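K.L.:
Below is a structure I'd like to ask you about.
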Amino acid sequence: MSVVRPKEVAFIGLGAMGYPMAGNLAKTVGKSLLVWNRSHEKATKHASEHGSTSVQNIEETCQAKVIFTCLPSSREFEELIFQIQDGLVPGTIIVDCTSGEPVATQRIAKALLERGTQLLDCPVSGGPGGAKAATLTAMLGGDPQAVLQVTPTVALFAKKIIHVGPVGSGHAIKAVNNILNVTHLMLASEGLLALKKMGVDPAKALETINNASGRSLQTEQRIPNCVLTRSFDYGFKLGLMNKDVGIAGRLLEEYFPEAVLLKAAQQLMLQAVETQGSDVDYTEVVKALEAKAGTQLVPNPRSRL
């Protein structure tokens with residue numbers, strides 16, 4: 002199956018993830034990719050850098066048969082749908098790459114289907130680096146035929162594409178993925194802080210753990226590259242991670258209220274946002290733990306990371 006034909010694709014939301022994702026679409030679709038952003042200057046910049054076509058009025062994106070969205074939350078996505086719904090042509094497929102609320106996604110999908118529009122949720126994992134390199138993992142939820150139709154186009158920015166189930170499933174999995182992500186980061190940091198206070202070099206501890214059974218993405222990449230270096234520059238805001246953790250928390254409340262560990266992680270995240278703020282990098286959650294421990298995860302100067 003081929004990529005959606007030219008002049009039939011639009012991308013709404015050119016943030017840290019959306020901008021490079023749309024850039025990878027433009028490598029194939031070119032000027033036939035319509036891009037819109039709340040700040041029109043960013044859409045204009047995208048058109049200049051990637052050869053897409055910027056549109057100033059969001060209603061212009063309705064001429065596309067496939068519309069990708071990548072917004073901060075389901076609230077912004079629902080506001081967007083309210084703006085464009087009257088201009089949507091029956092048969093349009095909207096692919097929402099927002100890390101959204103599964104329940105809201107299902108409700109919006111039902112309303113759109115009554116108008117002849119399919120909604121697929123397609124959150125992605127891999128961060129800004131993966132978005133630039135087109136190596137993201139895409140979690141597609143929705144009608145199987147619609148998923149098949151958009152898969153070749155999604156493949157322009159995602160290396161791994163999984164149809165995870167009915168609409169809303171992708172957003173649910175993304176929320177659980179992200180709470181696991183930050184929980185692994187906090188668990189590893191707590192252990193390393195205890196070792197640091199004992200006198201063990203965090204860099205040496207990581208070197209050992211990363212060659213043993215306790216390793217994870219967080220010990221192999223986030224802590225060495227963002228924490229021990231004190232750069233805290235992965236590129237994903239703490240507030241957005243906390244939003245995803247909250248979505249996962251609501252899933253737990255409904256389907257597994259007896260859960261303990263992930264609920265504790267959710268409370269730690271809330272505390273971190275209170276002390277660090279929402280706009281810092283999500284890896285700065287470690288700073289909140291460091292404050293509790295009274296020390297920092299700084300390696301011995303002679304250690305090699």
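Add 1 to the 1-based position in the sequence shown for the working numbering, that's all there is to it. No residue lacks a Cβ here, since even glycine has one placed at the ideal position from N, Cα and C. Note that this is a predicted model, so its numbers are computed, not measured.
(1) Could you tell me the alpha carbon to alpha carbon distance between residue 262 and residue 17, rounded to whole angstroms?
(2) Can you give, in chain order, each stretch of the alpha helix (DSSP H) that sits fully within the stretch 11-85 and has at least 4 residues?
(3) List the DSSP bridge partners of residue 184.
(4) Taking its Cβ as the centre, do 16 or more other Cβ atoms sit within 10 Å of residue 197, making it buried, or is it exposed?
(5) Please list, in chain order, all residues of the same chain as residue 105 whose beta carbon is under 6 Å from its beta carbon, the five residues on each side excluded.
(6) How many Å lie between residue 167 and residue 144 at the Cα?
(7) Am I right that residue 245 and residue 176 are in contact with their C-beta atoms under 8 Å? What's the rounded C-beta distance?
(8) Can you round the beta-carbon distance between residue 220 and residue 207 to whole angstroms, since I take them to be within the 8 Å contact cut?
(9) Would you mind working out which of 256, 223, 46 sits nearest residue 183, comparing C-alpha positions?
(10) Can you list, in chain order, the residues of its chain whose CB lies under 8 Å from that of residue 59, leaving out five sequence neighbours each side?
(11) Who are the Cβ neighbours of residue 91 in its own chain at under 8 Å, not counting the five residues just before and after it?
(12) Less than 9 Å separating the beta-carbons of residue 1 and residue 204?
(13) Would you check if the distance between the CB atom of residue 299 and the CB atom of residue 188 is smaller than 9 Å?
(14) Once the 5 residues before and after residue 301 are set aside, which same chain residues still bring their CB inside 7 Å of it?
(15) Rounded to whole angstroms, what's the CA-CA distance from residue 271 to residue 15? Just pull it up for me.
(16) Apart from the five residues on each side of it in sequence, which residues of its chain come closer than 7 Å, Cβ to Cβ, to residue 45?
(17) Since residue 164 sits in a beta bridge, which residues does DSSP pair it with?
(18) Measuring straight from C-alpha to C-alpha, what distance separates residue 103 and residue 169?
(19) With a threshold of 9 Å between beta carbons, is residue 176 in contact with chain D?
(20) Could you check how far apart the C-beta atoms of residue 289 and residue 180 are, in whole angstroms? I think they sit under 8 Å.
(21) With which residues is residue 97 paired in a DSSP beta bridge?
(22) Rounded C-beta distance between residue 11 and residue 69? I'm assuming under 8 Å.
(23) Assuming residue 94 and residue 133 make a contact with CB atoms under 8 Å, what is their CB distance in whole Å?
(24) Give me, in chain order, the residues of the same chain whose beta-carbon lies closer than 6 Å to that of residue 233; leave out the 5 immediate sequence neighbours on both sides.
(25) Given residue 276, which residues of its chain have a CB within under 6 Å of its CB, disregarding the five upstream and five downstream residues?
(26) Kindly indicate which three-state DSSP category residue 282 falls into: helix, strand or coil?
(27) What are the start and end residues of the alpha helix (DSSP H) that includes residue 364?
(28) Identify which residue in 193, 212, 249 has its Cα closest to the Cα of residue 295.
(29) Can you tell me whether DSSP reads residue 260 as helix, strand or coil?
(30) Assuming residue 26 contacts residue 141 (C-beta within less than 8 Å), just tell me the rounded distance between them.
P.N.:
In short:
(1) 30 Å
(2) 19-30, 41-51, 75-85
(3) For residue 184, which the question treats as bridged, DSSP gives no partner whatsoever.
(4) buried
(5) 75
(6) 6 Å
(7) 5 Å
(8) 6 Å
(9) 223
(10) 13, 37, 81, 84, 85
(11) 116, 117, 118
(12) Because the chain spans 2 through 306 in this model, residue 1 falls outside it and cannot be assessed.
(13) no
(14) 202, 204
(15) 27 Å
(16) 55
(17) 141
(18) 4 Å
(19) The chain labelled as chain D is not found in the depicted structure, where only one protein chain is given.
(20) Rounded, the Cβ-Cβ distance is 16 Å, inconsistent with contact.
(21) 70, 122
(22) 7 Å
(23) Contact doesn't hold; Cβ gap of about 25 Å is too wide.
(24) 227, 282, 284, 285
(25) 289
(26) strand
(27) The question about residue 364 has no answer, for the chain in this structure spans 2 to 306.
(28) 193
(29) coil
(30) No, residue 26 and residue 141 are not in contact; Cβ-Cβ is about 16 Å, not under 8 Å.
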